[in-house]
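Residue numbers (my numbering), protein chains in the order written: chain A, 1 to 184; chain B, 1001 to 1411; chain C, 2001 to 2167.
Yeah, the Cβ is synthetic: ideal placement off N, Cα and C, and Gly gets one too.
Keep in mind the model is a prediction, meaning the values are calculated, not measured.
To keep things clear, I will list the structure first and then write my remarks on it.
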Amino acid sequence: MSKVTLAEAPPGVEGAGFFATSLDKAIGLARANSLWPLPFATSCCGIEFMATMGSTYDLARFGAERPSFSPRQADMLLVMGTIAKKMAPVLRQVYVQMAEPRWVIAVGACASSGGIFDTYSVLQGIDEIIPVDVYVPGCPPRPEAILDGVLKLQEIVKNESLNRRNTPEYKALLEKYGIEANNE
Amino acid sequence: MSNRITKITPNNPVFYDNDPQDELITLNLGPTHPATHGVFQNVLQIDGERIVSGVSTIGYIHRAFEKIAEHRPFYQITPLTDRLNYCSSPINNMGWHMTVEKLLDIEIPKRVQYMRVIVMELARIADHIICNGILGVDTGAFSGFLYVMQEREFIYEIFEEICGARLTTNIGRIGGFERDFNAIAFDKIREFLKRYPPVLSEFEELFVRNRIFIERTSGVAAVTPEQALDYSWSGPILRATGVDYDVRVTAPYCSYEEFEFDVPVGTNGDVYDRFMVRNEEMRQSMRIIQQALEKIEKEPKGVFHADVPEFYLPPKEQVYNNMEALIYHFKIVMGEWETPKSEVYHAVEGANGELGFYLIHDGGRTPYRLHFRRPSFINYQMFAPMSRGMLISDAIINMSSLNVIAGELDA
Amino acid sequence: MNKLDNQVIIDRLQAVLGDKVHVLGEPHGLLAIQTESAYILELLAFVKNDELLRLNYLTDITAVHYPLQEKQYAVVYHLHNLFQNIRVRVKVFIGGEQPTIPSATSVWQGANWMERETYDFFGIHFEGHPDLRRILNMDDLDVFPMRKEYPLEDPNRIDKKDFYFGR
C-alpha cells in the first residue's frame, strides 16, 4: 500500500475535540485540491499535457482527476498551444461560459506571449483577451513544469478570498477585458 | 427511393431532394471538442445519427510558417519544422536538413545517415503510438493507451539523451548532428528494442481479435485506392487502401535502400486496416533500428557530422578559442555563406505521409520561398466528403485514424 | 517496360503538345517545365492519363510571388509517377490585377484544398473551382499575406513601439 498523505490543515484554533478556522480557508483548501481542469489544447503543449495526464506524470495525484471538457463544469482553464486570431473569439467564449470561481493557466510560450510566432495570424499572448493567473514557461514546458504551474495555482486558490467574484478589484479586472461578471 | 442526394460537391452542404430542410439538424462539432483531438471544426447536417453532409473549417492555429520561413536563415527554420507535426518532430527536422543539404550538395557520412535513420524511426514509433493509442481510447479502450504511453515516455527519454529536449526536439544541424550520441543513448535504444515488442504485442492483443473493436472499425470509412490517389493521400492511410507507396522505398534518402524492411499494406482501406498498418510499421521500424545499430558498429567511431566547415556550425568552445572557427561561426550566423540559386523539392516519409519541402533559393540569407507539403493538410480534405452517410461515432473514429495533427494541418 | 527518364518525358511532351510546353531545366534531377495558363488543364489531363507518362499523382500545388517580374505569380504543380518514381514540376507564370488560372479540380479532387490555400495566400483565382474561399486565414482578412509586399508581423501591434524601449 502506498502512503496516503493528507493535505495540511490551514491555520486555526485547535482544542480538545474541535478545530476552528475561517470559512475562507476551509473552502480554499477544498477548492485547491479538487480543481477540475478544462484542457484547451491546440498544439504541441497539448501533447505534453497528454503526458502530464498519462501514466508517468499523473496529474490526478493533485486532485485534478477529472478533465472536464465542458466549460460549465470546470474551474481551471489550461490554455495550451498557439491561439491564432481566428481562435481567439472561441477561447473567449469558453472563458465566459465558465462558472465562477474560475482560474486560467497559460501553458507554454505561445499562450503566454505568442512564442516564436510573431506573425500576423497569431494572438500575442492570451492575456490580451482573458485574464491569466499563472504562466508556465517553456516551448513546450516539460510535464513537471505544467505540474508546477498547477501547484502554483493551488497556492493562489488557497489564499484567495472566498468571494473573489464580488471584490471591486476582480470586477475592475473583468471590466478591463470587457467581460461581464456572472454572479450566479 | 425518393430521397436522392443531389449536388454533391466537396464542402458544399447537400440536402435531400424533397425533404424540407428543417428536418435536418445542424451540428457544430468543434473547434474545441474532446472528440476531435485538436482544433478542427466541422459543421454537420445530420439526420438523426447519420451525417448528411459536412463542411470542414480549418486554420484555427494558422501560424504562418511559410511567411516566417522567408524571414529566417536556414538554421532558424529547424525549430519551425519541429512544430509542424509535433508528434514526430525529428522526422521534420531531418527532412529539412536533407533539403538544405541537397541544395548545397553536401555529402553526409554513412554513420550520420544511420544515426538519422534511428532518430526518424523512433519518432515514427512515437507518432504511431499516439495515433493507435488514441484510436483505442475513442473505441472505448483506455488501458491500451496507458500501456503504450509509458513506452512513448521512454522514447522521449532517448531523445532527451540525444538532444536535451522531449517533444520539439530541434535535433541535428545542417551537415549532421550537433553532438555524438552518448553511450547511455545507445544503451537506451537497445533497451527499447528489447522492452517494446512485448508491450506492442500485448497492446495489439487487446484489439486485433476484440469483438467490440472489430465492430467499431472494420468496414468503417473504407476508401478505395482510386479515391485515395485522387485525393493525393499518402502515408499509412494510403497504404491501408493497398497502394504500396512509401517514400523510403520509392525514393530512398538517408541510405534507406540498404535496409531490409517490409511495407505493410491493407486491403480494405478502412479504420481497422489503418490500425494494423500502423502497428506493423512500428515493428518494421524496430527492425530498421536494429539494422542501423549493427551498421553503426562497422563505421568509424565519433563521426557525427560532415566535414563542411563553411556550413556546419563549429562547437562553441572552438568559437571562443580558435580564429578559424570564429570566422566560420560569424559567416554562418550572419548568413554570409555562398549558396547556389536553385530550386529543390525533397520528400521524406513522415509519420502521416509524404512530407515535402519545396525550397526556392535566390542566394540570399533566407529562402526566397519555402513551401511545406504537409500530409495532414492534404489527407484531411477528404474527411468531409467521406463522412457523408456515416454515423457520427464512425466519423469520430475515422478522424482519429486519419491522425490529423493540427500543427501540420494549419501550418 | 522501358525506364522512364527526363529525356523521354520531354520528347513525349514535345511530340504531343508541341511548343505549348518549354523545358525550364533539371535542377537536382527534377524536370521542370513551363506552360501557359491556357494550356495547363490540357497538359495536366494529358500527363495524368497518358500510357507512357502516367504522372497520376498530384503531389502539391503552390505559388511563388516575383514582384519584379511582369508576370508576377508562378503557380507550381508537382506531379509524380508512382509506378516509376519520376517527379515533374510544372510552372505557369501569370500576372495582371487579378491573376487567374483554370482549376485542376476537374483532374484531381485533391487539388481542391491546395488551390484554396494558394488563393488564400496569394490571391490567385482558380477558375472553375467549386468552392474558392479562404481556408487558413480569417474570412475577413483583406490582404493576401504571402505576397512579398505584406509584412510578416502584425502592423497593429502596439507593444513593440520604440516608446517602450526608451527609444
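Query: Positions along the region 2032 to 2058 of chain C whose CB lies within less than 9 Å of some CB in chain B; Result: Ala2032, Asn2056, Tyr2057, Leu2058
Query: The region 1334 to 1342 of chain B contacting the region 1094 to 1112 of chain B, beta-carbon criterion three pairs below 8 Å; Result: yes
Query: Start-to-end residues for the alpha helix (DSSP H) that takes in His1128 of chain B; Result: 1110 to 1138
Query: CA nearest to the CA of Val2107 of chain C, picked from C:Gly2128, C:Tyr2119, C:Gly2123, C:Gly2096; Result: C:Gly2128
Query: Member of B:Asp1410, B:Tyr1245, B:Glu1408 whose CA lies at the smallest distance from the CA of Val1265 of chain B; Result: B:Tyr1245
Query: Helix, strand or coil at Ala2104 of chain C [DSSP, three-state]; Result: helix
Query: Rounded C-alpha distance that separates Pro11 of chain A from Val1039 of chain B; Result: 44 Å
Query: Which listed residue (A:Phe62, A:Glu144, A:Ser34, A:Asp24) has its alpha carbon closest to that of Gly108 of chain A; Result: A:Glu144
Query: The region 2022 to 2037 of chain C / the region 2049 to 2069 of chain C touching (three or more Cβ pairs under 8 Å); Result: no
Query: Bounding residues of the beta strand (DSSP E) (the contiguous stretch that carries Ile1449 of chain B); Result: This structure cannot settle anything about residue 1449 of chain B, because the visible part of chain B is limited to 1001 through 1411.
Query: Contact check, Pro1375 of chain B vs Ser1234 of chain B, beta carbons under 8 Å; Result: yes
Query: Check whether Tyr1075 of chain B and Ile1405 of chain B have beta carbons under 8 Å apart; Result: no
Query: Element boundaries [beta strand (DSSP E), containing Asp2060 of chain C]; Result: 2057 to 2065
Query: Distance between beta carbons of Glu1280 of chain B and Ala51 of chain A, contact taken as under 8 Å; Result: Contact doesn't hold; Cβ gap of about 25 Å is too wide.
Query: Under 8 Å from the C-beta of Phe1377 of chain B: neighbouring residues of chain C; Result: Trp2113, Glu2117
Query: Simplified DSSP state of Lys1102 of chain B, which is helix, strand or coil; Result: helix
Query: Other residues of its chain near Ala41 of chain A: CB distance less than 7 Å, five sequence neighbours each side excluded; Result: Phe49, Met80, Gly81
Query: Assigned secondary structure, Lys1331 of chain B (DSSP; H/G/I helix, E/B strand, else coil); Result: helix
Query: Spatial distance of Thr986 of chain B from Arg1283 of chain B (CA atoms); Result: The question about residue 986 of chain B has no answer, for chain B in this structure spans 1001 to 1411.
Query: Beta-carbon proximity list for Leu1146 of chain B, same chain, < 8 Å, skipping 5 on both sides; Result: none
Query: Contact between the region 1344 to 1354 of chain B and the region 1325 to 1335 of chain B (3+ Cβ pairs under 8 Å); Result: no
Query: Per-residue contacts from Thr1250 of chain B into chain C (C-beta, under 8 Å); Result: Leu2082, Asn2085
Query: Span separating the alpha-carbon of Asp1394 of chain B from that of Val2016 of chain C; Result: 47 Å
Query: Under 8 Å by beta carbon: chain A residues contacting Leu1146 of chain B; Result: Gly54, Ser55
Query: Chain C contacts from the region 81 to 106 of chain A (Cβ-Cβ distance under 7 Å); Result: Lys85, Lys86
Query: Cβ-based burial, Ser43 of chain A [other Cβ within 10 Å; buried from 16]; Result: buried
Query: Proximal residues of chain A, C-beta to C-beta of Leu2152 of chain C below 8 Å; Result: Asp118, Thr119, Tyr120
Query: Ser1285 of chain B versus Met98 of chain A: straight-line alpha-carbon distance, rounded; Result: 45 Å
Query: Inter-residue Cα distance where the pair is Asn1322 of chain B and Gly114 of chain A; Result: 38 Å
Query: Integer-rounded CB distance, given that Met1115 of chain B should sit under 8 Å from Ile1296 of chain B; Result: 7 Å
Query: N- and C-terminal bounds of the beta strand (DSSP E) containing Arg1369 of chain B; Result: 1369 to 1373
Query: CB contact below 8 Å: Pro140 of chain A versus chain B; Result: yes
Query: Distance between Trp103 of chain A and Pro71 of chain A (C-alpha atoms, nearest Å); Result: 12 Å
Query: Cross-chain neighbours of Ile146 of chain A in chain B, by beta carbon under 8 Å; Result: Those within 8 Å of Ile146 of chain A in chain B number zero; the least Cβ separation is about 12 Å.
Query: Inter-residue spacing [alpha-carbon to alpha-carbon] between Pro1090 of chain B and Glu1160 of chain B; Result: 12 Å
Query: Residues near Ala1169 of chain B by beta carbon distance below 7 Å, same chain, minus five either side; Result: Going by the sequence as given, residue 1169 of chain B is Thr instead of Ala. Excluding positions up to five away in sequence, the list reads Asp1082, Ser1089, Pro1090, Asn1093, Phe1159, Cys1163.
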